[in-house]
Amino acid sequence: MNETNEMTGFLEDASFNQSPAFGDVDLFSADKPLSEAAARCGLDAKALAACGKDYGSAETLDLGRVANENPPRLRTMDGKGNRIDFVEFHPAYHALMAKSIGWGIHSGAHDGSEPNAPLTSRAVRLYLATQAESGHLCPITMTHACIGALKSEPDVLAKWQAKIVSREYDKRALPWWEKAGVTLGMGMTERQGGTDVRANITEAALHGDHVEISGHKWFMSAPMCDAFLVLAQAPGGLTCYLMPRYRPDGSQNAIRFQRLKDKLGNKSNASSEVEFHGAWAERIGAEGQGVRTIIEMVNLTRLDCAIASAGQMRFGLSQALNHIRNRSVFQKRLADQPAMRAVVADIALELEAQIALVFRLAHAIDKGETAYARLLTPAVKFLICKSTPHAVYESLECLGGNGYTEDLPMARLYREAPLNAIWEGSGNVMALDVLRAAGRAPDATMETVGALVRTAGQAFDVRRLAAALEKTLKSPDAERRARFLCEGLARLAALAALAEANSPFATLYGDARLTGFPFSQYGAADLGASEAALLDRALAA
Ligand SMILES: Cc1cc2nc3c(=O)[nH]c(=O)nc-3n(C[C@H](O)[C@H](O)[C@H](O)COP(=O)(O)OP(=O)(O)OC[C@H]3O[C@@H](n4cnc5c(N)ncnc54)[C@H](O)[C@@H]3O)c2cc1C
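If you want it as structure tokens, here you go:
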């Protein structure tokens with residue numbers, strides 16, 4: 014079997030005891046927790062399975078690799094010194110963009126194509142897409158979220174709507190009205206103030222029917238979007254504007270990209286530093302109400318961060334399972350080694366809870382459960398986005414040395430994983446936002462928490478946690494304990510989501526995450542006889 018090939022000089026069967034490449038998998042149907050969550054929300058499993066097959070194909074997964082090995086490049090000028098401010102992307106990136114726009118992830122929640130749970134249905138597709146590649150989803154998610162903010166200026170939305178909801182990706186650098194479809198980005202963050210957008214110094218000056226914006230943004234991703242929602246200071250205070258790449262007369266708008274960030278991961282996506290030199294823009298929402306206008310958008314992007322992080326955790330777990338089921342050590346498959354089973358089953362348990370939680374949240378928004386959504390969106394983003402890097406790291410280690418190489422997707426996933434926790438409000442900002450939501454609507458908060466306690470209590474005794482959360486909420490020292498409150502609420506909601514779904518793992522989740530020794534490494538929890546079921550459900554053979 015292991016004879017040397019005379020031509021190549023390699024052993025004939027070099028793949029002996031190596032796990033097969035992961036690919037040509039229906040990412041939807043192979044994921045029991047996901048398909049069950051979709052069924053609970055009344056989604057069309059057949060359509061989602063087609064989407065799962067598309068993103069799980071070996072060809073699509075390889076596009077993800079290629080798009081990241083060939084990052085975008087900024088060309089500020091042409092050969093004659095004219096400003097062109099053009100970012101060149103690899104064809105693999107464009108292919109991924111075309112695919113995700115084709116699946117409607119950029120606008121499907123708003124275009125009426127999904128009358129039944131539109132946000133949740135689109136969320137499933139985002140979760141599937143992110144497993145193939147996360148970077149291109151930046152403009153996709155921003156387009157989806159910008160529609161939320163544009164609703165506050167119906168005339169502008171009406172003008173752009175047909176181009177935004179188009180399922181045709183058009184990469185050409187042309188005025189938006191000449192294109193078959195468009196994408197939208199956003200520029201909030203400045204050097205001196207990211208989280209604190211009120212510290213923005215970029216200015217808007219009125220010129221007849223439009224404004225001209227001068228200043229900069231320290232981060233503005235996907236700079237080849239056709240327009241950007243931008244925050245700038247107007248005489249009446251911080252205001253939101255829509256800034257297209259081309260002025261109405263067809264000339265290039267005064268948007269000057271300075272350079273692209275050299276990032277830890279997220280390599281396929283371009284994140285620019287940019288200056289505006291009197292750039293043409295039109296107002297979105299009332300003057301001085303910039304924060305209120307973008308809040309709709311931010312809530313949608315925060316939910317997307319959580320969904321995408323769950324998808325990343327999922328992809329890491331799939332890689333781990335694929336490996337341990339096919340690799341033997343000491344004459345025994347890794348998947349049959351008790352210490353390995355404990356680790357992977359523990360990740361699977363975490364993912365069971367996070368899938369139940371994040372799709373419960375998406376469905377709550379679809380159903381108009383505003384109090385639940387307001388309190389839990391930041392908490393869920395906090396918990397899931399912060400858990401993913403650790404789970405991805407453990408999944409990487411399950412592949413041993415191979416996991417650490419660039420030949421497999423784990424190294425890229427590991428670099429990508431911390432990002433969702435940072436953008437759209439970093440960890441502390443999420444924890445403080447939970448406090449803010451609770452402070453603004455104390456009665457609705459106590460009602461939501463009460464309902465969570467009752468539902469979660471059917472599976473596990475949460476009285477101690479409930480009392481601690483209530484004490485923290487009422488404490489004058491609550492800000493210092495904001496992370497406890499945030500994680501506690503998210504874990505309570507995860508347990509409630511499992512209980513509501515009649516999950517056989519609800520009680521186990523309470524046992525493993527809310528009691529016992531405060532150990533934090535995967536594999537430390539005693540999952541007993543549930544290990545087999547968790548592993549079997551996580552990835553269909
Ligand atoms: C790859 C990438 C792409 C990006 N793309 C875009 C984009 O397209 N458009 C855009 O507008 N922005 C973009 N951003 C910026 C991103 O949204 C911000 O970096 C993020 O919101 C944090 O802001 P900051 O960097 O200014 O950090 P800061 O606001 O300075 O925060 C630093 C730290 O302090 C913490 N903190 C903040 N306030 C408090 C407080 N009151 N108490 C305790 N702790 C606190 C935060 O949690 C954080 O950990 C991007 C960032 C990255 C990394």
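Just so it is clear: in the sequence shown, position 71 is 84 by our numbering, and no numbers are missing.
Note that the Cβ used here is the ideal one computed from N, Cα and C, for glycine as well.
Taken through DSSP and simplified to helix, strand or coil, residue 123 comes out as coil. The DSSP-derived three-state label of residue 116 is coil. The C-beta distance from residue 83 to residue 105 rounds to 7 Å, short enough to meet the 8 Å contact threshold. The beta-bridge partner set that DSSP reports for residue 233 consists of 285. When Cβ pairs closer than 8 Å are counted between the two stretches, the region 284 to 300 is seen to touch the region 246 to 259, the count reaching three or more. With a 10 Å radius around the Cβ and a threshold of 16 neighbouring Cβ atoms, residue 534 comes out exposed. Here the region 241 to 249 makes contact with the region 192 to 212; the two share three or more CB pairs at distances below 8 Å. Remark: fewer than three beta-carbon pairs, one from each stretch, lie closer than 8 Å, so the region 263 to 283 and the region 391 to 402 are not flagged as touching. Rounded to the nearest whole angstrom, the CA to CA distance from residue 544 to residue 524 is 14 Å. According to the DSSP secondary-structure assignment, residue 101 is paired through a beta bridge with 86. Secondary-structure assignment with DSSP links residue 293 through a beta bridge to 225. Taken atom to atom, the span from the alpha-carbon of residue 417 to that of residue 411 is near 10 Å. Counting along the chain, residue 373 sits inside the alpha helix (DSSP H) bounded by residues 351 to 379.
If you look at residue 422, you'll find it isn't in any alpha helix (DSSP H); DSSP assigns it neither H nor E. By the criterion of a C-beta distance shorter than 6 Å, residue 398 is surrounded in its chain by 318, 322, 433, 434, once the five residues flanking it on both sides are discounted.
Taking the C-beta atoms as reference points, residue 232 is found nearer than 8 Å to residue 284. Taking the C-beta atoms as reference points, residue 389 is found no nearer than 8 Å to residue 486.
In terms of Cβ geometry, residue 221 and residue 300 do not form a close pair [threshold 8 Å].
Here residue 252 is bridged, per DSSP, to 245. A straight line joining the alpha-carbon of residue 69 with that of residue 44 spans about 12 Å. The beta carbons of residue 427 and residue 406 sit closer together than 8 Å.
Within the same chain, 388, 458, 486 come within 7 Å of residue 451 by CB-CB distance, once the 5 residues on both sides are set aside. Here residue 135 is buried: its Cβ has 16 or more other Cβ atoms, across all protein chains shown, within 10 Å. Taken in chain order, the complete alpha helix (DSSP H) segments of 4 or more residues contained in the region 406 to 475 are 423 to 429, 432 to 435, 440 to 453, 455 to 470. Linking residue 195 to residue 161 through their CA atoms gives a straight-line distance of about 16 Å. Distances from the CB of residue 445 to the heavy atoms of ligand 1 include at least one below 7 Å. One thing to note: residue 371 has its Cβ no nearer than 8 Å to the Cβ of residue 208. When the five nearest sequence neighbours on each side are left out, the beta carbons in the same chain lying within less than 8 Å of the beta carbon of residue 46 are those of 364, 365, 368, 369, 550, 551, in order along the chain. In the displayed model, residue 149 falls within coil according to three-state DSSP, outside both helix and strand.
With a cutoff of 8 Å on beta-carbon distance, residue 373 and residue 144 are scored as not near each other. Taking all protein chains in view, the Cβ of residue 509 is crowded by 16 or more other Cβ atoms within 10 Å, so the residue is classified as buried. CA-CA distance, residue 42 to residue 52, rounds to 12 Å. Beta-bridge partners of residue 345 (DSSP): 342. Secondary structure note for residue 303: its alpha helix (DSSP H) is the uninterrupted segment 303 to 337. The Cβ-Cβ distance between residue 360 and residue 330 falls below 8 Å. Taken from the Cβ of residue 436, at least one heavy atom of ligand 1 lies inside 7 Å.
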